[in-house]
Amino acid sequence: MSQPTTVPDTTKPQRSEGLWRKSVKRLFKNPGAVIGLAVIVALVLTAIFAPVLAPHPPNRQDPLRSLQAPSAEHRLGTDQFGRDILSRLIYGTRVSLRVGLVAVGIAALIGMPLGLVAGYYGGWIDMTISRVIDLMLAFPGILLALVIVSILGPSLFNVMVAVGVAASPNYARVVRGSVLAAKENVYVESARAIGAYVRGIMMRHILPNILAPVIVLATLGTAGAILSAAALSFLGLGAQPPTAEWGAMLSEGRNYMRLAWWITTFPGIAIMVTVLAVNLLGDGLRDSLDVRLRT
Amino acid sequence: MSVYLLQRFASAFPVLLGLTILVFSLVHLVPGDPAEQMLGEAAVSQEVIENMREQLGLNRPLHEQYLAYVSGLLQGDLGTSFLARRSVADMIGRVLPSTLILTFAGLGVAIVLGVSLGVLAAVNHNSWIDNATMVFALIGVSMPSFWLGLMLIFTFSLQLGWFPATGSGGIERLILPAATLGFAGSAIIARMVRSSMLEVLGQDYIRTARAKGLGPRTVVLQHVLKNAMIPVLTVIGLEFGRLLSGTVVIEVVFSRPGIGRLLVDAILKKDFIVIQGVVLLSACFYLLVNLMIDLSYSLADPRIRYS
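Shown next, in the form of structure tokens:
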């Protein structure tokens, strides 16, 4: 007895959807990633509902209540100006998440097109872009971000730009490597054969197939961006007073450590928990998407 | 080996050239007139600004300025700070030893702690020791170093009085900054040592070494660790660069003199000549260390020959 044969519908990208669904399932089986995601969701909700959640206005000064230890009225104490630490931490969530996302967005917007063009065209275009990437990577750690801040001047926005630009070569390198492998695939050759435009091939055929490493890099990069931006604000080069930014709060409280440990302790814990959550999610995504980053 | 060395130096040349162009451009990328920016509130008259432009050579054509800059660099002249009225090379020379001591001490902490924890985790794979080490590593890379530094000052200086909180000179003023600087690095190295060792532990020659009756200590130290070192060396090279730039924050936290603090002060005061000098020197150090790491591969694995 012969079995009825079914012809698969090749017009729909079924394999790709299946892979993404499997990856999401694998992600939710990873306890670390689930904890990380839950903390991030909680942080996002805190940022959105900051005016409702904060017990006091973040910048309201009360000299009569300065340097007060944690109490029922001020659960995490007050700083040298009598401002409520908990309220400033809650509003600081907005700043930190925004800095992380904007910096990563800038890095991806600069790095991805460079990597796409270098990997797709090859030749002198690839060589030129690769040398620029090498040059940018010759700056260790946050030094490149410091150089950019020194040009643009200290401010929170400039820190986002600086951290984003400094991280962009990593994206360019990862995307370039992925494009070099992807452009040899049959579907790209077929698109080229039917006369598709180069831009169409890059955006419709190559980009969706190289997104996995970019997603992982962007997630882990968000953690790095939050840390770098907090460090720059701590140095006085980022958020300026009275902005409730965690790095700047730490910096303001360091002269009062002997009298009021809570001013420096809680913002540090907030930074660490946020970065830890993003790193947990990033590690989980890397495992579930089965990505090896070549940065 | 010497041919390879020459080739590596030759390949570093375009990057060095690019670095000088980028660092030279720093002054010219500043929005507005660099002379006015540097003078700030002191820019009271056009004459003062013009004098500054003359002093910096900003009135000359760009290519002439660049050639003068490079020729100065080749003679060890990094320029003169307008604000300090001192040679930048002299300013850097005074504080560089302190930064290098801190960087190497931090690297020492990172390597000793990282390799020990990585070996411990790999040897006890899937045990509570392995899990605890990986949790430590995750916390290590997520903890802001400036916060860790402040917490160490609070605990060991202000509460226990074991170490001085700030300043430089003497081993007792180096322990807390070096521990702070090396902590995150140790987490990264521990992760790399663990994964690299786990890969080597599954190889046939390790089974052979065990089968011929070698003790676990000999197998781990002589066979596993040595073969797992190549990726670890790469990470250590990258870590050196991260630690060198990490000193910026640590020197501010512990009020230590160093090129990091010099750089932050220069950025805040818009002293671009000092910024140029510090940035160029740090990037050159980083390039040199990466070259040394490349060369050290043959020591870790004699199969790697340079020709």
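Those protein sequence lines, which keep their order, are chains G and V. Residues 1 to 295 in our numbering are what the first sequence spells out, letter by letter. Residues 1001 to 1307 in our numbering are what the second sequence spells out, letter by letter. Glycine included, C-beta positions come from ideal geometry on N, C-alpha and C.
Q.
For V/Pro1097, report the span of its alpha helix (DSSP H) as first-last.
A. Membership of V/Pro1097 in the alpha helix (DSSP H) is indicated by the continuous run 1088-1123.
Q: Compute the Euclidean distance between the alpha carbons of V/Leu1263 and V/Met1151, then round it to the nearest angstrom.
A: Straight-line measurement puts the Cα of V/Met1151 at about 24 Å from the Cα of V/Leu1263.
Q: Would you grab the beta carbon distance between V/Val1274 and V/Ala1266 for me? Rounded to a whole angstrom, and I think it's under 8 Å.
A: Between V/Ala1266 and V/Val1274 the Cβ distance is about 4 Å, and since that is below 8 Å, they are a contact.
Q) How would you list, in chain order, the residues of chain A whose beta-carbon sits under 9 Å from the beta-carbon of G/Val275? A) Reference to chain A is not applicable here, since the protein chains of this structure are G and V.
Q: Give a yes or no on whether the C-beta atoms belonging to G/Leu137 and G/Pro169 are separated by under 8 Å.
A: Yes; because the gap between Cβ atoms is below 8 Å, this pair is in contact.
Q) Is the beta carbon of G/Ile151 within less than 7 Å of some heavy atom of the ligand SAM? A) Here there are no bound small molecules, and the ligand SAM is not part of this structure.
**Q.** the stretch 97-112 of chain G in contact with the stretch 146-166 of chain G per 3-pair CB rule at 8 Å
**A.** Touching, yes, given that three or more Cβ pairs across the two stretches are closer than 8 Å.
Q: Kindly indicate which residue of G/Arg98, G/Asp134, G/Lys25 has the alpha-carbon position closest to the one of V/Ser1011.
A: Comparing Cα-Cα distances from V/Ser1011 to each of G/Arg98, G/Asp134, G/Lys25, the minimum goes to G/Asp134.
Q: For chain V, find out if any of its Cβ atoms is closer than 8 Å to the Cβ of G/Leu227; answer yes or no.
A: Closer than 8 Å: yes.
Q) Which residue from V/Val1289, V/Asp1271, V/Ile1021 puts its Cα closest to that of G/Ile151? A) When the alpha-carbon of G/Ile151 is set against those of V/Val1289, V/Asp1271, V/Ile1021, the nearest one is in V/Asp1271.
Q.
I need the DSSP call for G/Asp126, collapsed to helix, strand or coil.
A. Correct three-state label for G/Asp126: helix.
Q: Answer yes or no: do G/Ile129 and G/Val117 have a C-beta to C-beta separation smaller than 8 Å?
A: A distance below 8 Å separates the beta carbons of G/Ile129 and G/Val117.
Q) Under three-state DSSP, which class holds V/Leu1006? A) Helix at V/Leu1006.
Q: Express the C-alpha separation of G/Leu232 and G/Asn158 in angstroms, rounding to a whole number.
A: Taking the straight line joining both Cα atoms gives about 10 Å.
Q: Using a Cβ-Cβ cut-off of 8 Å, state whether G/Ala172 counts as contacting chain V.
A: When Cβ-Cβ separations below 8 Å define contact, G/Ala172 makes no contact with chain V.
Q: Evaluate V/His1125 with the Cβ neighbour count: other Cβ atoms within 10 Å of its Cβ, from every protein chain shown; 16 or more gives buried, anything less gives exposed.
A: That one is exposed.
Q) Shorter than 8 Å from the beta carbon of V/Ala1035 to some beta carbon of chain G? A) The beta carbon of V/Ala1035 does not come within 8 Å of any beta carbon belonging to chain G, so the residue lies off that interface.
Q) Do G/Val149 and G/Val214 have their C-beta atoms within less than 8 Å of each other? A) With contacts defined by Cβ atoms closer than 8 Å, G/Val149 and G/Val214 do not form a contacting pair.
Q | Sub-8 Å separation of V/Gly1202 and V/Glu1239 beta-carbons | A | Result no, Cβ atoms of V/Gly1202 and V/Glu1239 do not sit closer than 8 Å.
Q: Look up V/Val1289 in the DSSP assignment and say whether it is helix, strand or coil.
A: Per DSSP, reduced to three states, the secondary structure at V/Val1289 is helical.
**Q.** Euclidean distance between Cα positions of V/Ile1189 and V/Ile1236
**A.** Cα-Cα distance, rounded: 7 Å.
Q) Run through DSSP, which three-state label would G/Asp84 get? A) Assignment of G/Asp84 by DSSP, reduced to helix, strand and coil, places it in the strand class.
Q: Tell me whether G/Thr46 sits in a helix, a strand or coil according to DSSP, three-state version.
A: Three-state DSSP puts G/Thr46 in a helix.
**Q.** Burial state of V/Val1135 (16 or more Cβ within 10 Å)
**A.** The Cβ neighbour count for V/Val1135, taken over all protein chains shown within 10 Å, is under 16; the residue is labelled exposed.
Q | G/Thr243 - DSSP class collapsed to helix/strand/coil | A | It is coil, neither helix nor strand.
(Q) Using the Cβ count rule (16 or more neighbours within 10 Å means buried), how would you classify G/Arg294? (A) Residue placement at G/Arg294 cannot be trusted, given a pLDDT of 44 that sits under 50; what the coordinates show is reported in the next sentence. Flag for G/Arg294 reads exposed.
Q) How would you list, in chain order, the residues of chain G whose beta-carbon sits under 9 Å from the beta-carbon of V/Ala1105? A) Chain-order list of chain G residues neighbouring V/Ala1105: empty, with the shortest C-beta distance near 17 Å, by a criterion of under 9 Å.
Q) For G/Thr78, which residues does DSSP report across the bridge? A) DSSP, once it has assigned bridges, lists G/Asp84 as partnering G/Thr78.
**Q.** Contact list for the stretch 123-144 of chain G against chain V, Cβ threshold 7 Å
**A.** Contact annotation: in the stretch 123-144 of chain G, residues whose CB is within less than 7 Å of a CB in chain V are Arg131, Asp134, Leu135, Ala138, Phe139, Pro140, Gly141, Ile142, Leu143.
Q.
Considering only their Cβ atoms, is the gap separating V/Ile1092 from V/Leu1281 smaller than 8 Å?
A. Yes; because the gap between Cβ atoms is below 8 Å, this pair is in contact.
Q.
My output table needs one value for V/Thr1080: the three-state DSSP class, helix, strand or coil.
A. When secondary structure is reduced to three states using DSSP, V/Thr1080 falls in the strand class.
Q. Taking G/Ile48 as the reference, which of G/Val188, G/Leu97, G/Ser190, G/Leu64 has the closest Cα?
A. Nearest option by C-alpha distance: G/Leu97.
Q: Check whether the Cβ atoms of V/Val1248 and V/Gly1182 sit closer than 8 Å, and answer yes or no.
A: Here V/Val1248 is not near V/Gly1182, since their CB atoms are 8 Å or more apart.
Q | Minimum C-alpha distance to G/Val179 - residue among G/Gly123, G/Met203, G/Ile210 | A | Check the Cα spacing between G/Val179 and each of G/Gly123, G/Met203, G/Ile210: the tightest is with G/Ile210.
(Q) Taking CB distances under 8 Å as the criterion, tell me whether V/Trp1147 reaches chain G. (A) So yes, V/Trp1147 belongs to the interface.
Q | chain G within 8 Å of V/Pro1014, Cβ atoms only | A | For V/Pro1014, the answer is yes, since a Cβ of chain G falls inside 8 Å of its Cβ.
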